[in-house]
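**Student:**
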Amino acid sequence: MKRRFFRAAVLALAFALSVSCLAHLRRAKQYYAEGQDHARAFRADRAVASWKKALDEADRECLRKPSAQAFTVKGLAETNLGRWREAEASFLKAFSLGFGPGEAWASDAALAGLASSFEELGLEAPALRIYAQLLDKSAFKPALMAAAEKRTNLILARITDLDPGEKARTLAGLNKTLDKLLDRDFACGLYHYLHAQVDGHLGDLRRSYEEAVMAGELGLPSEKILRDNDNQLVYCYFKLKDALLPAEWDAFAAAHASWAKKWGWRDDRTPAWKKE
């Protein structure tokens, strides 16, 4: 009788521990998904808080019952928090436990972290080489998006120092890279935003406007980028007003008015967030 009772108690304890572990993994996934939702709605502080909770729950799960899934969620949360080196270790652990892409993700996280460190130290040349490597080889979207944004911004920041011929070649090269990224993932709003920025520097205002519209419609990773994208739309609006023929302008202005209404702008030239 006592033996049966002891066996039942052991089974009950094992079941309780199993449920507890499952609860940690489930909560980690839930918090991670909530963080993604907050990020899409530009609630940055709440997104970070959710990802930190996801990381805490994933850590608990990894300690109690290591699994490829738990380490993958842990690595993704670390990636979103900018902890690239920690993410590298998590993805390697996930790979060792059976997650096939984990090794490549770990490599990409390591490169992204190294490039970021170089950039913080003002060493732009090695950072640019690493970002170019990621853009050419990576299939890990967080690293790919970070590389695309940072490389484009670094190059655009020094474009005014180039002579006209070199400037045109550099901008064309940027657009070639962005076109390749869009071929791989046309629904990524960030790539369209970056394309719009480069098009603006090239003077291709119609293409810049179109890319900015797609960027806004597909979604952007931060409120800062959204506002910059809105400013690009307004810039193109005024420049095209002076450049288009009357009939072309009438058609363009009507289309733009429809978009502005959909976006909740106060008028065709004033996004809702902008002070009057």
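Just so it is clear: in the sequence shown, position 97 is 97 by our numbering, and no numbers are missing.
Yeah, the Cβ is synthetic: ideal placement off N, Cα and C, and Gly gets one too.
This structure is a prediction, so every number in the text was calculated from the model and none was measured.
1) Report all residues from its chain with a CB closer than 6 Å to the CB of L218; omit the five preceding and five following residues, and keep chain order.
2) Taking 8 Å as the limit between beta carbons, can you name the residues of its chain near L240, skipping five residues before and five after?
3) Quick one: which unbroken alpha helix (DSSP H) runs of 4-plus residues sit fully inside the region 118–174? Chain order, please.
4) Which residues bound the alpha helix (DSSP H) around G216?
5) Looking at L156: is its Cβ nearer than 9 Å to the Cβ of N175?
6) Give me, in chain order, the residues of the same chain whose beta-carbon lies closer than 8 Å to that of L181; leave out the 5 immediate sequence neighbours on both sides.
7) Can you look up D267 in the DSSP assignment and give me helix, strand or coil?
8) Just to confirm, is the Cβ distance from W130 to L154 under 9 Å?
9) I'd like the span of the alpha helix (DSSP H) that includes G189, first residue to last.
10) With distance defined between alpha-carbon atoms, name the residue in H195, N231 and A70 nearest to T177.
11) Mapping the DSSP letters down to three states, classify R83 as helix, strand or coil.
12) Check whether the region 71–79 and the region 37–49 are in contact - that is, three or more C-beta pairs closer than 8 Å.
13) Using only the alpha-carbon positions, how far apart do A57 and F42 sit?
**Tutor:** Judging by the given coordinates:
1) Taken in chain order, the residues that qualify are A187 and G189.
2) Contacts found: L205, R206, Y209, W249 and F252.
3) Taken in chain order, the unbroken stretches of alpha helix (DSSP H) that lie wholly in the region 118–174 and span 4 residues or more are 124–137 and 141–157.
4) Secondary structure note for G216: its alpha helix (DSSP H) is the uninterrupted segment L205 to L218.
5) Not closer than 9 Å, so no.
6) Excluding positions up to five away in sequence, the list reads L135, L144, A148, C188 and Y191.
7) Assignment of D267 by DSSP, reduced to helix, strand and coil, places it in the strand class.
8) Inspection of the sequence shows that residue 130 is occupied by Ile rather than by Trp. Taking 9 Å as the Cβ cut-off, I130 and L154 do not qualify as a contacting pair.
9) Start and end: G189 to L202.
10) Answer by Cα proximity: H195.
11) R83 falls in the coil class under three-state DSSP.
12) No: fewer than three Cβ pairs fall under 8 Å.
13) It is worth fixing the name first, because residue 57 is Glu in this sequence and not Ala. So the two alpha carbons sit approximately 24 Å from each other.
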